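In what follows, a single structure is set out as structure tokens and then discussed.
Number of protein chains: 2
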Amino acid sequence: MQITNWQQSAPGVWRLTIGEPQGITPLSLMGVSPKTVALQQMPQVQPPFAWESIQLEEANGCLILSIPLDRTEKLYGTGLQLLRMNQRGRNRYLRVNSDPKQDTGETHAPVPFYVSDLGYGVLVDTSRIVTLYCGSTMRQEETQSEDIRDRNTDKGWKATLVASRVEIRIPFEGADVYLFGGPSLSDVVARYNLFCGGGTLPPKWGLGFWHRVPTLYTDQQVLEEAEQFRQHDIPCDVIGLEPGWHSQSYPVSYEWEKSRFPEPEKFVKALDQSGFRVNLWEHPFVSPKSELYEELKPLSGSHSVWGGLAPDYSMPAAVELYKKQHEEQHVNIGVSGYKLDECDGSDLTNNSWMFPGHAQFPSGLDGEQMRQMYGLMFQKMTAELFRSKNRRTYGLVRASNAAASTMPYVLYSDLYDHKQFIRGICNSSFSGLLWTPEVRRARNAEDWVRRMQTVCFSPLAMLNAWGDGTKPWSFPEVEGTVRHYIKLRMRLLPYLYTAFATYREHGIPPFRAMPFVMSASEIAEAEAMYAEAAEQTLNTTDAAYGKKKVREWDDQYMFGEALLVAPLVEGESEREVLLPSGIWYGLETGERYTGGCIIRVQAGLERIPVFVRSGSIIPMMPALSHVPPLDTRVPLELVHFGDGMGEGNLYDDDGESFDYEQGKFGRWKAAVTQNAAGVYSGELIGTDGEPTSFSSVTWRFAQTRL
Amino acid sequence: MQITNWQQSAPGVWRLTIGEPQGITPLSLMGVSPKTVALQQMPQVQPPFAWESIQLEEANGCLILSIPLDRTEKLYGTGLQLLRMNQRGRNRYLRVNSDPKQDTGETHAPVPFYVSDLGYGVLVDTSRIVTLYCGSTMRQEETQSEDIRDRNTDKGWKATLVASRVEIRIPFEGADVYLFGGPSLSDVVARYNLFCGGGTLPPKWGLGFWHRVPTLYTDQQVLEEAEQFRQHDIPCDVIGLEPGWHSQSYPVSYEWEKSRFPEPEKFVKALDQSGFRVNLWEHPFVSPKSELYEELKPLSGSHSVWGGLAPDYSMPAAVELYKKQHEEQHVNIGVSGYKLDECDGSDLTNNSWMFPGHAQFPSGLDGEQMRQMYGLMFQKMTAELFRSKNRRTYGLVRASNAAASTMPYVLYSDLYDHKQFIRGICNSSFSGLLWTPEVRRARNAEDWVRRMQTVCFSPLAMLNAWGDGTKPWSFPEVEGTVRHYIKLRMRLLPYLYTAFATYREHGIPPFRAMPFVMSASEIAEAEAMYAEAAEQTLNTTDAAYGKKKVREWDDQYMFGEALLVAPLVEGESEREVLLPSGIWYGLETGERYTGGCIIRVQAGLERIPVFVRSGSIIPMMPALSHVPPLDTRVPLELVHFGDGMGEGNLYDDDGESFDYEQGKFGRWKAAVTQNAAGVYSGELIGTDGEPTSFSSVTWRFAQTRL
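This is the structure in structure tokens:
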């Protein structure tokens, strides 16, 4: 059947209500408040296909929405997909899953939102599992006979034929479907993020280095390990405590274990005085030995997990109990945030402890809905708690869903493949998510330093030593390189902070996959040039050029507006890099590249390939041991790259509170010009005088390397 | 709510109808006809719990049946589970899946039937996916506070608490649930198989050796490769052709490719004259270039697969078209059977080509149902086709479900872990299934010979060289051992054939996991003795004894009533074996063991550990190059093991037709006695004179080895 009742929901955003959606959904739970002004400033658009080409069909009691696909169209997003970037041709079963080892679509953060490189996106707003058939199903009547090959003899045979529609299985109760316009892919994602309230702006300290200590450490051991960071001259802003801080874990108490932490407030303050924030690990399931237990019991689900309660946090009374306890015992004594673990239990993989899909909750939600929504619920509760103190938080979470753009949380996983971890940075950018490729351990110094390099160019730079007891200096032969990159992250903090401000204001993610900055045709052109060059060198000794690979470019990404990061993993010393058009420099090598093509770069262990766009201005600060307190000003350095004009951006505020929402922030355009004599000059153009966090401003012009 | 409407459905089998079951189910599709006489001869039983302890609950629109669990009870079955044997504590999501790499319950053959070592079994008869929570969920009110441990400090912490109920999510439309009584686990499975019509009896040639040739072989290449088996003195009964025999594959035509097989009938007859049967690979999806296409098109599903039709074989008209084509082009020219591939597509794993769950079929079935039932449908159609000719078939299938006991089909997988392949032999025995650990390739000669040894003690001994072009003599250094075990399989054919007859008549599988022959307490006692011995030798150099492992004994199995097989895999030269009580001999070593305990055995590459029970009589024949034609008699040898009395069984018939259903078969008890002077004598006691397949009967008494 054709659909006629699309309603404009915001500029460039249309809503279709199918069936009778019930209960909470990601958008309703998060109470999203679209950034209408920013949306209005975006280009006016229509979707790239006729409205009437979208069809809705009832098939055996379920509703199938189908949306046309162009033959070469690529589809991205659907949440934290660790196993591939282009989802075209795949079934995406968007169930939350704590152990997503197979490429089914299941993930820690299943977001029923995909974006097309033709410049539109589709979101299904539901608390239920959505199945997206991303051009992986073929209707009989749309099957092209010329596509059918004989596998016996035809080398061109492919298992998945080119389908002409996406099919979306809508939950039986119905759902609201949103269509987001572009015109570019970047605009689609920006619209989605702005519609969800804009991107998150972490506190400045959240962008420093993080370290999680072994689980059974006592307060003294933590303090000693923190001190070692200062002795080793390794910056660190946040110390994370793991299960051992609880008096009971699995299920948890949320209460300090007195034998290990006899005086929590004193402990948190001692760390604070050395410039460390404290982050606390927790999970949803409440121990009978917790003081919360009796009051939460009637507000909890029918099934226990590890013997603990699974509270129904769609109920305000449960939220109040949780918040009150956390406020009194953690937030009020100075704890900076949480690591929200285990909220991604599925009942299908190796978990045989999670409440089942048929579990019943007092609000009327069932287990399937609660599992899909648990990650969002915990993010929301804790974020609200800190907001009520006018303090920003930044933390970790293992589950998310749609409408999470405003949440100050970064996803992580117990999986550990470095390539997948890099892909996570790329893929999270399509779905309003942040991801950390946390470092835990390494097979050798090479693995160690490669992982450390990657994590320093990610939303949250963390060593998670909870189980392995590693330190940044665990491999002494590469300690210098590790220190160098942690310090480089600190130096780049004004730049990264500005990128997050752009996320908040304009919905443009601070970390972006390549389709954000290169159109499909630009990528295809670069690939064709490279293939042609490969053909010409086919008979040389460099056999690698001879192989035509289908690449997704899911192993490199933009870090802010000016830097492109192309990590290497253990065993690699060179790689291909897809460079957008323009002139680029190796950030630390100064080598000059002409973009719009694929290049090959070498890098020894001491280097991660990072490229800076000519004409950029990067705001930087000294490599302090931690983000300085509010009243301390630091020198600002503005580094201009290339030999022509330049421009950049700078955002600044107090770095800790929400006062920026009342206009207490500054935004500057940095501009470099050259006079007739060839002399460079730089200017910060803004409305708000000098940036208040900085004691001085220094310019460096016409650089080709840092 | 309590349930009161259990109905006796057969002796020791009770049925409960929940909701309003619709459409076809495994039992209705297969039209099962319980072997009532055999069931009546079994012990009278009641289930080991009170009827009223079974509960049915409606939770958020779905029906949950829950059944009590004892604290130490173990649960087996649920189909071809390759990753574990005891399903207690696990969620089993019983969806058909062609790539079942994770332990979710998904499998090629999801059978919603589990058996308890307390002596009962539960079957849900439905064409839909069933989720069984096998003691993996814990209701809040049943959570025992003493089970809740602190993971921080308590080494006894476990992720899965001991749950007190199985929870079964019944499909929304309802289902019939069957409860099978024991008293023993073996009785439960026998009852299930008898209820489904009894086990299958393959043709004798099906129990010989099989070889599948490379996919693009021509008729001449096949004939030459067949001849090589005779030259190498390696028995072989069946040659399998792979996709290349079709004029089109993926999708398939079911028509011979004339360039490779210009004269199919002549080809099949030529092979037949050399003692080879021909087995044809196929899959369900019909090419537009097949003559069947146009007529099948209106009888097919809404979605194509690889561009081919997915016919609706719940419709008699589609079945007739399929059968007629297969009859004329394959069966009538002498083809012996099929390998039914790709009927296990799921839409969630790496398959992005299968019709989706919401696909619509002309009969009203949807894609979920069709996927779950496809394997059964193809088994049934082809089995009926051969039956209509009074010819037995034996073949391979990659998908199955409940009620498959009568089907002459053996499951296989593209997975290839040797330990999992051995576990498949054990686990299929609980679910009315057969499984082959087919050999395809090997990392080295050791891997090769270990896999060959295992497959020779399995329901279908096959080298599948379709992609690798391997031959039994591919590793010349172990060719002698490979030949030895293929010949040993031929020698044991009368014994194995008798075991299958017992499967048909009494429902007792020819291959059985250890819980069939040892009770939970017998296994526990053997394990306790072994642990005690280990404790005593803890400080010796043999550290392996010092480790107390939780073993499932899912790597050894009974082969018929008298033999126990304990395979080794690459890298192993010794292993633990759980021996049932009694005296046992190494079948080829003659070493004597006292059972009721765990032993440790060594075996070089030239041996697979196989044990024979003292007092057994094994009927054997010469190691012919293939099963002889009907009119050829071979000598029978009856081998008696041990130094006391002995007994065994022998079944015989024409080995090819269904005439046994009209009583044209013989069954004998073999008995060995010793007179006062110590002289042994043997007797075949039966109703039907001498076995007609045999030219002579020779006895060997008091053997300790072959």
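Taken in sequence, the protein lines are chains F and R.
Numbering-wise (the numbering used here), the first sequence opens with residue -4 and increments by one.
Numbering-wise (the numbering used here), the second sequence opens with residue -4 and increments by one.
Here a beta-carbon is modelled for each residue, glycine too, at the ideal position from N, C-alpha and C.
Note that the coordinates shown come from a computational prediction; the quantities given were computed from them, not determined experimentally.
The stretch 253 to 263 of chain F makes no contact with the stretch 287 to 294 of chain F: fewer than 3 CB pairs, one atom from each, lie closer than 8 Å. At least 8 Å separates the beta-carbon of residue 445 of chain F from that of residue 465 of chain F. In terms of Cβ geometry, residue 612 of chain R and residue 643 of chain R form a close pair [threshold 8 Å]. Chain-order list of chain R residues neighbouring residue 55 of chain F: 353, 355 and 361, by C-beta distance under 7 Å. Excluding sequence positions up to five before and after residue 139 of chain R, its CB lies within less than 8 Å of the CB of 156 and 157, all in the same chain and listed in chain order.
Contact of residue 302 of chain R with chain F is assigned, a C-beta pair being separated by under 8 Å. Distance from the CA atom of residue 546 of chain R to the CA atom of residue 522 of chain R, rounded to whole angstroms, is 9 Å. Within chain F, the residues placing a beta-carbon under 8 Å from that of residue 59 of chain R are 353, ordered along the chain. Residue environment for residue 69 of chain R: buried (at least 16 other C-beta atoms within 10 angstroms of its C-beta).
Scanning its chain for C-beta atoms nearer than 8 Å, with the 5 sequence neighbours on each side dropped, one finds around residue 222 of chain F the residues 269, in chain order.
Judged by DSSP in its simplified three-state form, residue 54 of chain R adopts strand. A straight line joining the alpha-carbon of residue 15 of chain F with that of residue 167 of chain F spans about 9 Å. Interface criterion not met: the Cβ of residue 215 of chain F is under 8 Å from no Cβ in chain R. Excluding sequence positions up to five before and after residue 275 of chain F, its CB lies within less than 8 Å of the CB of 235, 236, 240, 325, 330, 332, 333 and 334, all in the same chain and listed in chain order. Relative to the Cα of residue 460 of chain F, the nearest Cα in the group F:150, F:205 and F:266 belongs to F:205. At a Cβ-Cβ threshold of 8 Å, residue 189 of chain R and residue 64 of chain R do not count as neighbours. Counting other Cβ atoms within 10 Å of its Cβ, residue 368 of chain R reaches 16 or more and is therefore classed as buried.
Following the DSSP letters along the chain, one finds residue 423 of chain F inside the alpha helix (DSSP H) bounded by residues 413 to 423. Cβ atoms of residue 575 of chain R and residue 512 of chain R come within 8 Å of each other, at about 5 Å. Rounded to whole angstroms, the gap between the alpha carbons of residue 246 of chain R and residue 122 of chain F is 38 Å. Using a Cβ-Cβ cut-off of 8 Å, residue 635 of chain F does not count as an interface residue toward chain R, since no Cβ of chain R sits closer than that to its own. Excluding five sequence positions before and after residue 640 of chain F, the CB atoms of its chain that fall closer than 8 Å to its own CB belong to 610, 666, 667, 668 and 669, given in chain order.
Listed in chain order, the non-local C-beta contacts of residue 590 of chain F below 6 Å within the same chain comprise 574, 575, 576, 577 and 579, local neighbours out to five positions each way being set aside. For residue 457 of chain R, the enclosing beta strand (DSSP E) covers residues 456 to 459. One thing to note: residue 583 of chain F has its Cβ no nearer than 8 Å to the Cβ of residue 391 of chain F. Distance from the CA atom of residue 305 of chain F to the CA atom of residue 129 of chain R, rounded to whole angstroms, is 20 Å. For residue 365 of chain R, DSSP assigns no beta-bridge partner whatsoever. Residue-level contact by beta carbon fails for residue 49 of chain F and chain R, as no gap is shorter than 8 Å. With a contact defined as Cβ atoms closer than 8 Å, residue 449 of chain R and residue 417 of chain R qualify at about 6 Å.
The criterion of a C-beta distance shorter than 8 Å is not satisfied by residue 18 of chain R and residue 504 of chain R. Interface residue (Cβ-Cβ distance to chain F less than 8 Å): residue 142 of chain R is classified as such. Within chain F, no C-beta atom comes less than 8 Å from the C-beta of residue 121 of chain R; the nearest is roughly 15 Å away. The DSSP assignment places 488 to 501 as complete runs of the alpha helix (DSSP H) inside the stretch 486 to 527 of chain R, in order along the chain (cut-off: 4 residues).
Fully contained in the stretch 664 to 693 of chain F are the following beta strand (DSSP E) runs of length 3 or more, in chain order: 675 to 681.
Here residue 120 of chain F is actually not in contact with residue 378 of chain F; their C-beta atoms are around 20 Å apart, not less than 8 Å. Within chain F, the residues whose beta carbon sits less than 8 Å from that of residue 162 of chain R are 351 and 353, listed in sequence order.
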